[in-house]
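The sequence shown begins at 1 in full-length UniProt numbering and counts up by one. Notes follow once the structure below has been shown.
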Amino acid sequence: MAVNRTEERLLCEDGGIGNGLTERLDGLDSLTPATPMTPVIPMTPATMTPATPTTSAPVGHAVSRRRTISAGVSNDGNTNKEILLKKKKTTSAVWVHFEQVEEDGALYAICNYCKSKLCATQGTSSLHRHAKRCATETDGPEYLGGSKPGWVFSQEVTELKMTEMVILHEYCFSIGEHKGFLDMMDSAQPSFKVPGRRTLRNNCVQLYQEMKKIKITKMAEASQICLTTDMWTAIDLTGYMVVTAHYILNEWELVKRIIGFKPLPPPHNGPAIAERLGHTLHEWKAISKVGFITLDNASANNLAVSRLQQSVNDQCRTAGSVEPTSAYFHVRCLAHVINLVVKDGLKHVGSAVTHLQDSVLYIHGSSAWLDGFEDALEQSHLRRSMKHLTKDMPTRWNATYLMIKSALPCKLAFQHLEMTDTKFEDCPTEAEWDHLVAMKAFLEPFFTATNDLSGTQYPTLNLAYRAMRQIEKAINDYKKTHYINDPLSLSIEPMKAKFNKYWEPMKVFLAIGLVLDPRFKM
1 MAVNRTEERL LCEDGGIGNG LTERLDGLDS LTPATPMTPV IPMTPATMTP ATPTTSAPVG
61 HAVSRRRTIS AGVSNDGNTN KEILLKKKKT TSAVWVHFEQ VEEDGALYAI CNYCKSKLCA
121 TQGTSSLHRH AKRCATETDG PEYLGGSKPG WVFSQEVTEL KMTEMVILHE YCFSIGEHKG
181 FLDMMDSAQP SFKVPGRRTL RNNCVQLYQE MKKIKITKMA EASQICLTTD MWTAIDLTGY
241 MVVTAHYILN EWELVKRIIG FKPLPPPHNG PAIAERLGHT LHEWKAISKV GFITLDNASA
301 NNLAVSRLQQ SVNDQCRTAG SVEPTSAYFH VRCLAHVINL VVKDGLKHVG SAVTHLQDSV
361 LYIHGSSAWL DGFEDALEQS HLRRSMKHLT KDMPTRWNAT YLMIKSALPC KLAFQHLEMT
421 DTKFEDCPTE AEWDHLVAMK AFLEPFFTAT NDLSGTQYPT LNLAYRAMRQ IEKAINDYKK
481 THYINDPLSL SIEPMKAKFN KYWEPMKVFL AIGLVLDPRF KM
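Structural data, given as structure tokens:
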């Protein structure tokens, strides 16, 4: 198949018409393909198809520019037809440092750094030599040959990675002064200038500020923001306050973001809490977007919410927008409400819980007593892994439930330990074990509701109404079906009174969340 070399050459960019990378035809008078070629089809509007996009080459592979050369193919001496030709594929790793061009039938390589033009017709040896010399004599990147094509050392990038490492693993700022770290970096990359502790600290602060700006810009997409906050005291008696923002982005992505985590000096009263909340919201440019806030049921929190709501409304009036707050601006923390209800009930239980608490503390008192309980499990034909009983915590009622749940299957082991260990004196009686069984069944709806309403990666408002209704039903059913002398009978009335105190004011608001859930029909 003769090739008419007088026709013009057409350059085809990446993604153009072609069947792969084109081959150079310089010096060739004819084309002899390694495999049979498909018949040549005249390129007319009827036969041409849209260009097929190509994918980018993987990182580390040399990429050559695709070209198409148009040649006239003469069947009868008059008709010219276009064919697609292939240029030799560049397999050497050195091509990541050069751009391949073709001029007057010769192949050249343009250096990406100094823009020198080298002849590449006879191979790539000269390109390798130039790449090494270019990196040595200029400020260009270091050349690593074929070990890791395309890798370029950067002081700024490596310093950024070190900053991220310190933040991620909570290393001290003086890690750059440790001898072991310096020796390792000198071996891995002698060109890296390890930053000192002050530089590393400043880099961490700068990285935080840059990321914070990005998050503020992203938060601005949300039409409304809901807040949750909590306070606690550290071991050194320093008070802390955390503020978390919950919002939905344009792509319906639910986002949870901690926007404030700072010490809160005393007094922890309403004005101090409101001032900290307002300062945090102004810092994140979100004061006018707050729609709801969830806090614990404390008198100081009630005052703080009223002041914050007034501040939000004033800000909206100044900006000329509609007030975003409503009568339900303050949403009670349902997990905290459930905690208050159950703790009121646990005050009136008998000695069963107290004896179980003392028994669990005794078993965990020493390794010898824990081994004795493990032997009791084995003698009772129970799994030795059941020795890890949950210990009760005075501030968390669900720890009491988990303690009862983990201890009930080990009843026989407790009784066996009572017979073999004379120091073990607090084993519950048979009647108390029955009491614990009834308590577990009664508290299970409270525990399930607490878990469901404590989620942070999914909305919980649509779950709240059903969860609270199930708790209300559990209280009413137990009151109807048990006698007055039942061990839990003294707990029901205080629990019902506490539950109604918080349930009635929020019932309508939670019902709205249920109505908006498409899984439930009204």
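C-beta atoms are modelled at their ideal positions from N, C-alpha and C, and glycine is treated no differently.
Distance check for E253 and Y208, CA to CA, integer angstroms please. 23 Å
Can you tell which of L160, V305, L334 and L127 has its C-alpha closest to the C-alpha of N451? Of the listed residues, the one whose Cα sits closest to N451 is L334.
Buried or exposed (CB count within 10 angstroms, at least 16 for buried), L283: For the record, residue 283 in the displayed sequence is Glu; it is not Leu. So E283 counts as exposed.
Look at the alpha carbon of K262 and the alpha carbon of E275, and state the distance between them as a whole number of angstroms. 13 Å
If you follow the beta strand (DSSP E) that Q100 is part of, which residue opens it and which one closes it? Per DSSP, the unbroken beta strand (DSSP E) holding Q100 starts and ends at F98 to E103.
So, using beta-carbon positions, are V101 and I110 closer together than 8 Å? yes
Just verifying my parser: in three-state terms, what is the DSSP assignment at F424? Judged by DSSP in its simplified three-state form, F424 adopts coil rather than helix or strand.
Inspect the beta-carbon positions of V342 and T325 and report whether they are closer than 8 Å. no
Would H336 and D296 be called neighbours here (beta carbons separated by less than 8 Å)? yes
Per DSSP, Y240 is paired with what? For Y240, which the question treats as bridged, DSSP gives the partners W232 and P263.
Grouping DSSP H, G and I as helix and E and B as strand, with all else coil, what is D392? coil
Comparing alpha-carbon positions, which option in Y401, G278 and T448 lies nearest Q310? G278
6 Å Cβ shell around Y247 - same chain, five flanking residues per side excluded: A222, I225 and V255
Mind checking I475: buried by the 16 CB within 10 Å criterion, or exposed? Using a 10 angstroms sphere on the CB of I475, the tally of other CB atoms reaches 16 or more, which defines it as buried.
What's the call for R332, buried or exposed, on a 16-neighbour Cβ count within 10 Å? buried
Find the nearest neighbour of T400 within the set W433, C427 and F447, judged by alpha-carbon distance. F447
Assuming Q379 contacts H435 (C-beta within less than 8 Å), just tell me the rounded distance between them. Incorrect: roughly 25 Å between the Cβ atoms, too far for contact.
Is T54 buried or exposed, if buried means 16 or more other CB atoms sit within 10 Å of its CB? In this predicted model, T54 has a pLDDT of only 41, less than 50, meaning its place in the structure is not dependable; the value taken from the coordinates is given anyway. Burial call: exposed.
What residues match up with Y108 in a beta bridge as DSSP calls it? V101 and C119
If contact is defined by three or more beta carbon pairs under 8 Å, each pair taking one atom from either stretch, is the region 362 to 382 in contact with the region 407 to 422? yes
Sufficient close CB pairs (3 or more, under 8 Å) joining the region 257 to 273 to the region 236 to 245: yes
For P271, does the count of other Cβ atoms within 10 angstroms reach 16, so buried, or fall short, so exposed? exposed
Express the C-alpha separation of F424 and G365 in angstroms, rounding to a whole number. If you draw a straight line from the Cα of G365 to the Cα of F424, it is about 11 Å long.
Leaving aside the five residues before and after L389 along the sequence, list all residues of the same chain whose C-beta is less than 8 Å from its C-beta, in chain order. V360, I363, H364, M403, S406, A407 and C410
Could you name the residues of the same chain whose beta carbon sits closer than 8 Å to that of G196, not counting the 5 residues immediately before and after it, in chain order? G176 and E177
Quick one: Cα of T233 to Cα of D358, how far? 27 Å
Alpha carbon to alpha carbon, what distance is there between A245 and K304? Before going further, note that residue 304 is Ala rather than Lys in the sequence given. A304 and A245: Cα-Cα distance of roughly 17 Å.
Run through the DSSP bridge pairs and tell me what C294 is partnered with. First, the residue type needs correcting, since residue 294 is Thr and not Cys in the sequence shown. Beta bridge pairing from DSSP links T294 with T228 and V331.
Quick one: any contact between the region 462 to 480 and the region 510 to 519, if contact means 3 or more CB pairs under 8 Å? yes
Which full runs of the beta strand (DSSP E) of 3+ residues lie inside the region 366 to 420, going along the chain? none
If we count the other Cβ atoms within 10 Å of its Cβ and call it buried at 16 or more, is N500 buried or exposed? exposed
Identify whether L249 lies in helix, strand or coil by the three-state DSSP scheme. It is coil, neither helix nor strand.
Kindly indicate which three-state DSSP category V255 falls into: helix, strand or coil? strand
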